[in-house]
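Novice: Residue numbers (my numbering): 198 to 864. Idealized CB from N, CA, C, for every residue including glycine. Sharing a structure here in structure tokens format.
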Amino acid sequence: MSDIPEQPSDFIRDIIQADLAAGKHQTPVTRFPPEPNGYLHIGHAKSICLNFGIAREFGGVCNLRMDDTNPTKEEVEYVDSIIADVRWLIDGWADDRIGLENGQPFYASGYFDQLYEFAVQLIKKGKAYVCDHTPEEVDFMRGAPDRAGEPSKYRDRPIAESLDLFARMKAGEFPDGARTVRAKIDMSSPNIWLRDPLIYRIRHASHHQTGAKWCIYPLYDFAHCLSDYIEGITHSICTLEFEVHRPLYDWILENLDLPRPLPHQYEFAKLIPTYTIVSKRKLITLVNDQIVTGWDDPRLPTISGLRRRGIPASAVRQFAYNIGVTKYNSVTDIAVFEHCIREDLNRRALRRLAVLRPLKIVIENYPESQVEMLEAVNNPEDASAGTRQVPFSRVIYIEQDDFREVPPPKYYRLSPGTEVRLRYAYLITCTGIVKDPHTGAVTEVHATYDPATRGGNTPDGRKVKATLHWVSAAHAVDAEVRLYDKLFTVPEPDATGDFRANINPHSLETVTGKCEPSLADATPEARYQFERLGYFALDTDSRPGKLVFNRTISLKDTWAKMIDEMAKRGYLSEKAKYLAGALIEILKHGSGGKHPSQCWLYQKNGKKWAHAYDQQIAEGGVGGEPIPPTSLDGEKLFRPKKNETIQYIMSFGLSQQEAEAIFTANI
RNA sequence: UCCCCGGUAGUGUAAUGGUAACACAACGGCCUUUGGAGCCGUACUUCAUGGUUCGAGUCCAUGCCGGGGAGCCA
Numbered sequence: 198m199s200d201i202p203e204q205p206s207d208f209i210r211d212i213i214q215a216d217l218a219a220g221k222h223q224t225p226v227t228r229f230p231p232e233p234n235g236y237l238h239i240g241h242a243k244s245i246c247l248n249f250g251i252a253r254e255f256g257g258v259c260n261l262r263m264d265d266t267n268p269t270k271e272e273v274e275y276v277d278s279i280i281a282d283v284r285w286l287i288d289g290w291a292d293d294r295i296g297l298e299n300g301q302p303f304y305a306s307g308y309f310d311q312l313y314e315f316a317v318q319l320i321k322k323g324k325a326y327v328c329d330h331t332p333e334e335v336d337f338m339r340g341a342p343d344r345a346g347e348p349s350k351y352r353d354r355p356i357a358e359s360l361d362l363f364a365r366m367k368a369g370e371f372p373d374g375a376r377t378v379r380a381k382i383d384m385s386s387p388n389i390w391l392r393d394p395l396i397y398r399i400r401h402a403s404h405h406q407t408g409a410k411w412c413i414y415p416l417y418d419f420a421h422c423l424s425d426y427i428e429g430i431t432h433s434i435c436t437l438e439f440e441v442h443r444p445l446y447d448w449i450l451e452n453l454d455l456p457r458p459l460p461h462q463y464e465f466a467k468l469i470p471t472y473t474i475v476s477k478r479k480l481i482t483l484v485n486d487q488i489v490t491g492w493d494d495p496r497l498p499t500i501s502g503l504r505r506r507g508i509p510a511s512a513v514r515q516f517a518y519n520i521g522v523t524k525y526n527s528v529t530d531i532a533v534f535e536h537c538i539r540e541d542l543n544r545r546a547l548r549r550l551a552v553l554r555p556l557k558i559v560i561e562n563y564p565e566s567q568v569e570m571l572e573a574v575n576n577p578e579d580a581s582a583g584t585r586q587v588p589f590s591r592v593i594y595i596e597q598d599d600f601r602e603v604p605p606p607k608y609y610r611l612s613p614g615t616e617v618r619l620r621y622a623y624l625i626t627c628t629g630i631v632k633d634p635h636t637g638a639v640t641e642v643h644a645t646y647d648p649a650t651r652g653g654n655t656p657d658g659r660k661v662k663a664t665l666h667w668v669s670a671a672h673a674v675d676a677e678v679r680l681y682d683k684l685f686t687v688p689e690p691d692a693t694g695d696f697r698a699n700i701n702p703h704s705l706e707t708v709t710g711k712c713e714p715s716l717a718d719a720t721p722e723a724r725y726q727f728e729r730l731g732y733f734a735l736d737t738d739s740r741p742g743k744l745v746f747n748r749t750i751s752l753k754d755t756w757a758k759m760i761d762e763m764a765k766r767g768y769l770s771e772k773a774k775y776l777a778g779a780l781i782e783i784l785k786h787g788s789g790g791k792h793p794s795q796c797w798l799y800q801k802n803g804k805k806w807a808h809a810y811d812q813q814i815a816e817g818g819v820g821g822e823p824i825p826p827t828s829l830d831g832e833k834l835f836r837p838k839k840n841e842t843i844q845y846i847m848s849f850g851l852s853q854q855e856a857e858a859i860f861t862a863n864i
């Protein structure tokens with residue numbers, strides 16, 4: 198179900214390939230080392246796909262390891278969720294490459310004895326010492342990027358004394374923070390992490406794996422490289438922020454005189470998708486503030502959220518492949534992910550008919566008691582999925598959106614007097630409407646069907662523009678359907694200010710839909726396409742007789758892409774709404790009321806596009822006389838191309854989508 | 001301010017000194033019993049300046065811009 202090539206290529210795989218060719222290793226051993234202090238998210242998925250993908254492609258192994266050196270922040274709940282998420286993501290793909298210990302993950306805490314001995318060794322070699330400074334003193338004495346550090350008073354204390362103190366630290370003689378073990382490296386290094394970094398601290402805390410055994414715990418830099426070494430990791434792949442730690446990673450391993458080969462660390466840029474957040478802290482805020490229902494809320498980018506939403510693991514993997522692996526700090530358009538999901542689901546989803554916002558249709562010339570079973574294909578992309586029977590009768594439901602009493606231009610669907618096709622059924626023509634006498638809303642539509650068009654065929658060859666989905670009212674099965682939308686209204690919710698201000702109030706809408714009867718037997722594993730609506734999967738809340746579906750993702754909908762639709766759904770940011778009016782006016786004004794591409798722009802600082810009437814836009818309106826185009830900083834004015842105008846609009850902080858909408862709206 | 005790492009269409013990613021390309025997004029068309037899918041097409045690219053070279057996105061220098069780095073977090 199996946200198009201990922203057997204041998205993807207990126208700078209890390211290139212290195213591995215070269216290392217293998219040079220005979221440095223027989224096969225690569227990677228690892229995925231999360232700290233169990235939160236749920237895994239789409240960013241971790243990128244790392245999982247990278248590490249397990251490498252193991253898979255080069256015949257190696259990827260160890261799953263809990264990086265659990267900080268007992269005060271970690272919990273078994275997280276350990277369990279991490280295991281489940283990793284298994285789900287690699288199932289059927291790299292599940293034979295996972296490195297485990299007796300079926301369980303590796304734990305950094307499993308190495309605490311060895312780590313302790315390594316620290317003793319370092320002290321014995323005069324390369325580490327016990328330091329008695331307070332946290333505040335250590336902090337100050339470390340210096341700053343532009344201020345040299347000063348050595349600890351205890352830097353040169355006798356080795357025997359450090360050894361004794363370290364043993365007593367372990368024995369629990371000292372309170373938290375009283376002493377630390379520090380590597381003796383270089384207090385004047387421009388790299389702060391080499392200024393005698395701490396490698397052990399006292400923490401009288403119970404650990405989720407080791408219980409009360411320890412009251413001293415190693416720090417990340419010490420534990421990680423050595424855990425890699427102990428497990429025989431060849432390529433230790435982490436994210437960019439650890440780049441400055443690499444000299445320390447190497448220093449520890451090299452100064453312990455370990456047999457070679459040593460593991461090496463490589464760094465790549467983490468994934469930052471638009472319209473969501475992946476910061477652990479902010480994810481916790483969303484959960485704790487009950488903005489979402491839990492860690493597996495289908496609106497969240499957590500792996501458990503994606504799973505619950507119905508996104509296939511293969512789509513996540515394809516996404517990880519598509520975005521590549523580099524050292525460039527990038528922001529990935531969430532549309533790339535959505536494309537992968539649709540592509541995957543399009544191939545596998547069973548087509549079904551379901552109406553989310555029902556409008557009753559009475560087919561006047563269809564016999565009252567008659568029911569016909571009509572054949573419908575399960576998946577036009579996959580003939581082996583077969584067909585099914587769908588009941589048709591006199592009263593059916595169609596989507597409210599599929600009927601307009603007064604149709605807008607280019608509206609092909611049902612309206613008084615028009616004919617449309619009911620998918621797999623008949624062509625019907627609207628003959629009348631019934632309105633609520635008080636509200637004036639259309640409550641019922643009357644129609645006639647053409648018996649010659651059974652199955653939706655037109656023996657006379659006549660064309661009908663629209664094909665609508667429908668459900669027989671008497672046979673319909675009710676379902677709760679949860680319609681999800683982006684959790685945030687702006688591409689980069691936490692770029693500036695409080696990300697909570699950018700939460701999309703319409704991220705969840707729940708409706709009661711009418712489903713074709715076969716959906717009563719829907720299974721949690723199956724993926725469904727409700728035709729013309731989107732892809733849906735059963736939610737974990739679903740029970741027999743009480744169906745609950747999640748909309749995984751909508752179908753691409755060109756009709757819905759109009760600017761008013763965008764505004765209605767909250768896709769247009771407040772900023773865009775505010776600026777749209779002024780921009781449209783000013784662009785028209787600058788072009789003598791014509792097309793915006795006829796306005797004048799000039800180049801500012803040789804780089805940025807600027808509009809001849811910037812000043813007036815900044816002042817929020819179009820009042821007054823335009824500045825004569827000749828008086829602008831002596832810069833040459835020119836007629837921008839469409840794309841340059843789009844870029845110009847975007848320079849106000851709007852997305853391309855918004856800019857296009859504004860541009861289009863002005864035509 | 002110091003150290004490290006980056007900078008290729010709107011967004012990502014390729015091109016490993018030899019014709020700048022692919023995907024997504026956008027736009028247009030064809031086709032369609034899903035306004036889906038599919039097919040065809042259009043527009044838009046190497047941060048800047050110098051240097052090396054027959055030839056530079058690639059190598060060098062300088063500058064500019066962006067990210068990371070001063071937890072007893074990972």
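Along the chain, where does the alpha helix (DSSP H) containing R506 start, and where does it finish?
Specialist: Locating residue 506 in the first sequence gives position 309, where the first residue counts as 1. Residues 500-506.
Novice: Would you mind listing the beta strand (DSSP E) stretches within the region 526-611 that are 3+ residues and don't spill past its ends, in chain order?
Specialist: Fully enclosed beta strand (DSSP E) runs of 3 or longer: 547-549, 555-560, 569-574, 584-589, 592-596.
Novice: Helix, strand or coil for T626? Go by DSSP, reduced to three states.
Specialist: Residue mapping note: residue 626 aligns to position 429 of the first sequence, counting from 1. The answer is strand: DSSP assigns T626 an E or B state.
Novice: Is there contact here, the region 253-264 with the region 216-230, by at least three beta-carbon pairs under 8 Å?
Specialist: Touching, yes, given that three or more Cβ pairs across the two stretches are closer than 8 Å.
Novice: Who are T693's beta bridge partners in DSSP?
Specialist: Residue mapping note: residue 693 aligns to position 496 of the first sequence, counting from 1. In the DSSP output, where bridge partners are listed per residue, T693 has none listed.
Novice: Are there 16 or more other CB atoms within 10 angstroms of the CB of L619, so buried, or fewer, so exposed?
Specialist: As a position in the first sequence, residue 619 is number 422, starting the count at 1. Buried.
Novice: Measuring CA to CA, which of V668, E713, R539 is closest to D139?
Specialist: One cannot answer for residue 139 here, as it falls past the ends of the chain, which runs 198 to 864.
Novice: Look at I531 and P444 and say whether their C-beta atoms are less than 7 Å apart.
Specialist: In the first sequence, residue 531 corresponds to position 334, counting from 1. In the first sequence, residue 444 corresponds to position 247, counting from 1. The answer is no: Cβ separation not under 7 Å.
Novice: Going by the beta-carbon positions, is the gap between D738 and I500 smaller than 7 Å?
Specialist: As a position in the first sequence, residue 738 is number 541, starting the count at 1. As a position in the first sequence, residue 500 is number 303, starting the count at 1. No. Outside cutoff.
Novice: May I ask which residues mark the beginning and end of the beta strand (DSSP E) holding M263?
Specialist: By one-based count along the first sequence, residue 263 stands at place 66. Where M263 is concerned, the enclosing beta strand (DSSP E) stretches over 258-263.
Novice: Can W667 and I595 be called in contact, C-beta distance under 7 Å?
Specialist: Position 470 of the first sequence, counted from the first residue, corresponds to residue 667. Position 398 of the first sequence, counted from the first residue, corresponds to residue 595. Yes; because the gap between Cβ atoms is below 7 Å, this pair is in contact.
Novice: Going residue by residue through the region 715-740, where are the continuous alpha helix (DSSP H) segments of at least 4 residues, counting only ones entirely within it?
Specialist: Listed in chain order, nothing qualifies, since the region 715-740 has no complete alpha helix (DSSP H) run of 4 or more residues.
Novice: Beta-carbon within less than 6 Å of I278's beta-carbon, same chain only, minus the 5 sequence neighbours each way: which residues are those?
Specialist: Mapped onto the first sequence, residue 278 falls at position 81. Inspection of the sequence shows that residue 278 is occupied by Ser rather than by Ile. So the list reads Y236, once near-sequence residues are dropped.
Novice: For A757 versus L735, is the C-beta distance shorter than 7 Å?
Specialist: If you number the first sequence from 1, residue 757 lands on position 560. If you number the first sequence from 1, residue 735 lands on position 538. No, the pair does not count as a contact, with Cβ atoms beyond the cut-off.
Novice: So which of E569, P387, T473, N654 has the shortest CA-CA distance to D682?
Specialist: For the purposes of this step, residue 682 is identified with residue 485 of the first sequence, where counting begins at 1. Nearest C-alpha to D682: T473.
Novice: Under three-state DSSP, which class holds L309?
Specialist: As a working note, residue 309 is residue 112 in the first sequence. Checking the sequence shown, residue 309 turns out to be Phe, not Leu. In the structure shown, F309 sits in a helix (DSSP, three-state: H, G or I).
Novice: Can you tell me where the alpha helix (DSSP H) holding T482 begins and where it ends?
Specialist: Locating residue 482 in the first sequence gives position 285, counting from the first residue. Looking at the DSSP string, the run of the alpha helix (DSSP H) that includes T482 is 477-485.
Novice: Taking only runs of the alpha helix (DSSP H) that begin and end inside the region 327-367, which ones reach a length of at least 4 residues, in chain order?
Specialist: Fully enclosed alpha helix (DSSP H) runs of 4 or longer: 332-338.
Novice: With C-beta atoms as the reference, is V441 less than 7 Å away from N388?
Specialist: Counting from 1 along the first sequence, the entry for residue 441 is found at position 244. Counting from 1 along the first sequence, the entry for residue 388 is found at position 191. Contact flag set, yes.
Novice: Is there contact here, the region 641-653 with the region 691-709, by at least three beta-carbon pairs under 8 Å?
Specialist: No, the region 641-653 does not touch the region 691-709.
Novice: What is the rounded straight-line gap between the Cα of Y426 and the Cα of Q318?
Specialist: On the first sequence, residue 426 is found 229 positions in, with the first residue counted as 1. On the first sequence, residue 318 is found 121 positions in, with the first residue counted as 1. Spanning the two alpha carbons is a distance of roughly 16 Å.
Novice: Tell me whether V522 sits in a helix, a strand or coil according to DSSP, three-state version.
Specialist: Here residue 522 is taken as the residue at index 325 of the first sequence, counted from 1. Three-state DSSP puts V522 in coil, outside helix and strand.
Novice: So for N182, helix, strand or coil by DSSP?
Specialist: For residue 182 there is no data in the structure shown, the boundaries of the chain being 198 and 864.
Novice: Okay, do the region 661-677 and the region 704-721 touch, 3+ Cβ pairs below 8 Å being the bar?
Specialist: Because the criterion of three Cβ pairs below 8 Å is met, the region 661-677 and the region 704-721 touch.
Novice: Look at the alpha carbon of R651 and the alpha carbon of S590, and state the distance between them as a whole number of angstroms.
Specialist: As a first step, residue 651 must be located in the first sequence, where it is residue number 454. As a first step, residue 590 must be located in the first sequence, where it is residue number 393. In a straight line, the C-alpha of R651 is about 13 Å away from that of S590.
Novice: Considering F419, what are the terminal residues of the alpha helix (DSSP H) in which it resides?
Specialist: Taking the first residue of the first sequence as 1, we reach residue 419 at position 222. Note, F419: alpha helix (DSSP H), 417-428.
Novice: State the start and end residues of the unbroken alpha helix (DSSP H) segment that holds S433.
Specialist: Locating residue 433 in the first sequence gives position 236, where the first residue counts as 1. Looking at the DSSP string, S433 is not in any alpha helix (DSSP H); the run it does join, the beta strand (DSSP E), is 432-436.
Novice: Using the rule of at least 16 other Cβ atoms within 10 Å of the residue's Cβ for burial, across every protein chain shown, is S206 buried or exposed?
Specialist: By 1-based counting over the first sequence, the position of residue 206 is 9. Exposed.
Novice: Bridge partners of V639, per DSSP?
Specialist: Within the first sequence, numbered from 1, the residue matching residue 639 stands at position 442. Looking at the DSSP assignment, V639 forms a beta bridge with K632.
Novice: On the three-state DSSP scale, how would you describe C246?
Specialist: In the first sequence, counting from the first residue as 1, residue 246 sits at position 49. Helix at C246.
Novice: According to DSSP, is W411 helix, strand or coil?
Specialist: Within the first sequence, residue 411 is the residue found at index 214, counting from 1. Reduced to three states, the DSSP call for W411 is coil.
Novice: Mapping the DSSP letters down to three states, classify W285 as helix, strand or coil.
Specialist: Here residue 285 refers to the residue found at position 88 when the first sequence is read from its first residue. Reduced to three states, the DSSP call for W285 is helix.
Novice: Buried or exposed: where does F208 fall if 16 or more other Cβ atoms within 10 Å of its Cβ makes it buried?
Specialist: The residue you call residue 208 lines up with position 11 of the first sequence. Under this definition F208 is an exposed residue.
Novice: Below 8 Å on the Cβ atoms is my guess for L571 versus A622; work out the distance and round it to an integer in Å.
Specialist: By one-based count along the first sequence, residue 571 stands at place 374. By one-based count along the first sequence, residue 622 stands at place 425. That pair is a contact at about 6 Å.
Novice: Expressed to the nearest angstrom, what Euclidean distance is found between the alpha-carbon atoms of E438 and F363?
Specialist: By 1-based counting over the first sequence, the position of residue 438 is 241. By 1-based counting over the first sequence, the position of residue 363 is 166. Distance between the alpha carbons of E438 and F363 is about 30 Å.
Novice: So if DSSP puts Y463 in a beta bridge, which residue, or which two residues, is it bridged to?
Specialist: Sequence index remark: in the first sequence, residue 463 carries index 266 (1-based). Looking at the DSSP assignment, Y463 forms a beta bridge with I434.
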